[in-house]
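Participant: First the structure, which I've put down as structure tokens, then a few questions once you've had a look.
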Amino acid sequence: MRSLFLALALLAAQAAAAESLLLTAAHLLDIRDGSLIEDAAVLVEDGRIAAVGTRDAVDAPAGARRLDLPGATLLPGLIDMHVHLTSSPDYHGYRRLALSDERMAIQGVVHAERTLYAGFTTVRNVGAKSYGDVALRDAINAGEVPGPRLFVSGPPVGITGGHCSDNNLLPAEYGLEGGGVADGPWAARAAVRRNIKYGVDLIKTCSTGGVLSKGTKVGAPQYSVEELTALVDEAHSRGLRVASHAHGAEGIRNALEAGVDTIEHGSFIDDAGIRLAKKQGAWLGMDIYVTEFILGEGEEKGILPESLEKERMTGETQRANFRKAVDAGVKMIYSTDAGVYPHGHNARQLSRMVELGMTPLQALQAATLNSAEALDRGDSIGALEPGYLADVIAVQGNPLEDISLLESVHFVMRDGVVYKHSRVKD
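Listed below in structure tokens is the structure:
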């Protein structure tokens, strides 16, 4: 039944984008100030929001389709700024060697659908083994498969043997390197140019070691400031933003000094790094839920013993520094690292962000307004306002009273097309 509904949604997408739809519900959350509109209505025309208000105040044109969601609260579609759609949580460590680029791209189709159905209408794919994420984005844009709006990086750019190398599992006689390996400023520029040639939307790099990469020290810096500066300059000159995987304090500062736009993970960020992030206006995305999966289920999924040990020394520090960064007023985005853990569970992190110092509204703003701004799309996604793309989700109840409601989204619209509408009791 679900497959039939999805097929009909894809076939009807063009027609749906041209029709008028009046969506009504018990409440609508104003994501900017946390206020609730009672007896709410959203008018959607040509895939965009035409009007928002109460049922009495929003006039629908004659012949408009009407859809009522009794007892529901409407919110803007969520945004995850750090996923790996072509990666699977069932293939960690040496198990990854069994997967071809083609198989990973096919898995990406499955994962994209799960992510969309979880209420994430926009995601940023920061790191793929090949350009499979570019192909996935193009297939979604063409209406061939369902999925969120994608911003993709292709292969991440990093040093030989570094976290972004991707082939540290194999001994020297295989002679393999990751697709984004580039040593030195000009090689880094060339790698950026190559990724742009093949259609990426942003550049992902690694300025420190990582938890899940074999043979790297999680806090040790990778790339010099000179190399990072060349990489960032090349990307920015071509209109692309840069996301830097960075756990260690020195590597975080190096990336910020080079001008990266977002810091991913940020586990060991220190006071100097926090000050620099605020000065530079950079965004911090801290994946504070994933440690629960790695330490709880990682061993059975193939995660290497050395990676489990690195996570034990990283996770709690990252959570403490998340609280410190929030208190200091660093600009925060929503980044989960889905793909390390199961796709479709992206919203589980919201409750952890609240546990560690954010208000429910701040957590939701990180996953909407903030992430939209970090994508340079703050004028079109991340809010339910006239002129914005019609990305709408619904939950049963008030998410400001129970943020975990976002783990059970029952309605998903993207660009005015309804992809999920589960019947629920009032």
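Okay, so the sequence shown: first residue is 249 according to the numbering used here, each after it adds one.
By construction, the Cβ of each residue, glycine as well, lies at the ideal position given by its N, Cα and C atoms.
Roughly how many angstroms separate the alpha carbons of residue 638 and residue 533, rounded to a whole number?
Facilitator: In the sequence shown, the residue the question calls residue 638 occupies position 390. In the sequence shown, the residue the question calls residue 533 occupies position 285. Computed Cα separation, rounded: 25 angstroms.
Participant: If you compare alpha carbons, which of 460, 278 and 296 is closest to residue 323?
Facilitator: Locating residue 323 in the sequence shown gives position 75, where the first residue counts as 1. When each option's Cα is compared against that of residue 323, the closest is 278.
Participant: Below 8 angstroms on the Cβ atoms is my guess for residue 413 versus residue 400; work out the distance and round it to an integer in Å.
Facilitator: What you label residue 413 is simply residue 165 of the sequence shown in a count that begins at 1. What you label residue 400 is simply residue 152 of the sequence shown in a count that begins at 1. Separation of the CB atoms of residue 413 and residue 400 is rounded to 19 angstroms, and the pair is thereby denied contact status at 8 angstroms.
Participant: Straight-line CA distance for residue 320 to residue 274?
Facilitator: In the sequence shown, counting from the first residue as 1, residue 320 sits at position 72. In the sequence shown, counting from the first residue as 1, residue 274 sits at position 26. Residue 320 and residue 274: Cα-Cα distance of roughly 5 angstroms.
Participant: Between residue 316 and residue 288, what straight-line distance do the alpha-carbon atoms span, to the nearest angstrom?
Facilitator: Taking the sequence shown and counting its residues from 1, the one referred to as residue 316 is at position 68. Taking the sequence shown and counting its residues from 1, the one referred to as residue 288 is at position 40. Answer to the nearest angstrom: the Cα atoms are 10 angstroms apart.
Participant: For residue 454, which residues does DSSP report across the bridge?
Facilitator: Reading the sequence shown from its first residue, position 206 is the one you call residue 454. DSSP, once it has assigned bridges, lists 493 as partnering residue 454.
Participant: Within its chain, find whatever has a CB closer than 6 angstroms to the CB of residue 670; leave out the 5 residues flanking it on each side and keep chain order.
Facilitator: Translated into the one-based positions of the sequence shown, residue 670 becomes position 422. Contacts found: 658.
Participant: Using DSSP's beta-bridge definition, name the partner residues of residue 507.
Facilitator: If you number the sequence shown from 1, residue 507 lands on position 259. According to DSSP, which records beta bridges pairwise, residue 507 is partnered with nothing at all.
Participant: May I ask which residues mark the beginning and end of the alpha helix (DSSP H) holding residue 644?
Facilitator: Start at 1 with the first residue of the sequence shown, and residue 644 comes out as number 396. Counting along the chain, no alpha helix (DSSP H) covers residue 644; the unbroken beta strand (DSSP E) around it starts and ends at 640-644.
Participant: Which value, in whole angstroms, describes the spacing of the CA atoms of residue 643 and residue 599?
Facilitator: The sequence position of residue 643 within the sequence shown is 395, counting from 1. The sequence position of residue 599 within the sequence shown is 351, counting from 1. C-alpha separation (whole angstroms): 15 angstroms.
Participant: By DSSP, does residue 303 sit in helix, in strand, or in coil?
Facilitator: Here residue 303 refers to the residue found at position 55 of the sequence shown. Coil at residue 303, not helix or strand.
Participant: Select from 397, 329 and 325 the residue whose C-alpha is nearest the C-alpha of residue 357.
Facilitator: Position 109 of the sequence shown, counting from 1, holds the residue named residue 357. Measuring from the Cα of residue 357, the nearest candidate turns out to be 397.
Participant: Residue 352 lies in the beta strand (DSSP E); which residues open and close that run?
Facilitator: Along the sequence shown, one-based indexing puts residue 352 at 104. From DSSP, residue 352 is part of no beta strand (DSSP E) but of the alpha helix (DSSP H) over 349-365.
Participant: Excluding sequence positions up to five away, which residues of its chain have a Cβ less than 7 angstroms from the Cβ of residue 475?
Facilitator: Looking up residue 475 in the sequence shown gives position 227. Hits under 7 angstroms: 432, 433 and 436.
Participant: Looking only at its chain, what residues have a beta carbon closer than 8 angstroms to the beta carbon of residue 302, apart from the 5 residues adjacent to it on each side?
Facilitator: Reading the sequence shown from its first residue, position 54 is the one you call residue 302. The answer, listed in chain order, is 285, 286, 287, 288 and 289.
Participant: Can you list, in chain order, the residues of its chain with a C-beta nearer than 7 angstroms to that of residue 549? Leave out the 5 residues immediately preceding and following it.
Facilitator: If you number the sequence shown from 1, residue 549 lands on position 301. Result list for residue 549: 337, 338 and 340, in chain order.
Participant: Of the choices 283, 296, 300 and 295, whose alpha-carbon is the least far from that of residue 272?
Facilitator: Along the sequence shown, read from residue 1 onward, the residue named residue 272 stands at position 24. Comparing Cα-Cα distances from residue 272 to each of 283, 296, 300 and 295, the minimum goes to 300.
Participant: Can you say whether residue 663 is buried or exposed, counting buried as having 16 or more other CB atoms within 10 angstroms of its CB?
Facilitator: What you label residue 663 is simply residue 415 of the sequence shown in a count that begins at 1. Classification for residue 663: buried.
Participant: Between the stretch 624-634 and the stretch 378-395, can you find at least three pairs of beta-carbon atoms closer than 8 angstroms?
Facilitator: no
Participant: Within the stretch 505-565, note down every full beta strand (DSSP E) run reaching 3 residues or more, in order along the chain.
Facilitator: 510-513 and 531-533
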